[in-house]
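At position 19 of the sequence shown (counting the first as 1) the number is 29 in our numbering, and the numbers step up by one without a gap.
All C-beta atoms, glycine included, are put in the ideal place defined by N, C-alpha and C.
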Amino acid sequence: MTRAAVAIAAVLLVWPASADAASVSPKEAAGLVGETATVCGVIASADYMVGSRANPTFLTVVNPDQPDPKRALTAVIYGHDRAKFGTPETTLQGQRVCVTGYISFFRGRPEMILSAPRQLSYSAPPSVAQLR
């Protein structure tokens, strides 16, 4: 098997794992450190740290029903990827979103790095019928 064939096979084997990522709340994300998941919630705060190292934008994703910042996920967009997302600190504030990626742990909180807009989608609030 050629190197190219091995690389393609590896991508195809990993692809389904990320496509079928578990969908969880920000509170549940801490239990999935080391895994790829889709985390859905509301952006409670969005801060662009211009001038700091790597110019990150920090998005705090919380459960819309219990917006406890201690049980939040931090989604980070580094400066070199920022242009792909526009101005996330203004456009995403207060929005219901789902973020997909690898969950790591940083400073006592689950964290996910966003490097491509396909990792971010808007989530509609549940309908009354779904709540019953």
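Is it true that the CB of residue j sits closer than 8 Å to the CB of residue i?
| i | j | result |
| --- | --- | --- |
| residue 48 | residue 33 | yes |
| residue 53 | residue 83 | no |
In angstroms with no decimal places, state the Cα-to-Cα distance between residue i and residue j.
| i | j | result |
| --- | --- | --- |
| residue 115 | residue 79 | 15 Å |
| residue 132 | residue 104 | 11 Å |
| residue 111 | residue 92 | 16 Å |
| residue 121 | residue 55 | 14 Å |
| residue 46 | residue 58 | 25 Å |
| residue 68 | residue 100 | 12 Å |
| residue 66 | residue 126 | 14 Å |
| residue 41 | residue 74 | 19 Å |
| residue 146 | residue 89 | Outside the displayed span of the chain (11 to 142) sits residue 146, for which this structure offers no information. |
| residue 117 | residue 128 | 26 Å |
| residue 60 | residue 70 | 17 Å |
| residue 39 | residue 97 | 25 Å |
| residue 81 | residue 72 | 7 Å |
Give the range of the alpha helix (DSSP H) segment to which residue i is assigned.
| i | result |
| --- | --- |
| residue 92 | 89-92 |
| residue 97 | Premise fails: residue 97 is in no alpha helix (DSSP H) and is neither H nor E. |
Closest to residue i by C-alpha separation, out of the options, would be which residue?
| i | options | result |
| --- | --- | --- |
| residue 130 | 113, 121 and 109 | 109 |
| residue 64 | 120, 126 and 86 | 86 |
| residue 76 | 55, 43 and 37 | 37 |
| residue 124 | 42, 106, 113 and 51 | 113 |
| residue 43 | 134, 73 and 119 | 119 |
| residue 107 | 128, 41, 97 and 50 | 50 |
For the beta strand (DSSP E) containing residue i, list its first residue and its last residue.
| i | result |
| --- | --- |
| residue 120 | 119-123 |
| residue 64 | No beta strand (DSSP E) contains residue 64, which DSSP labels as neither H nor E. |
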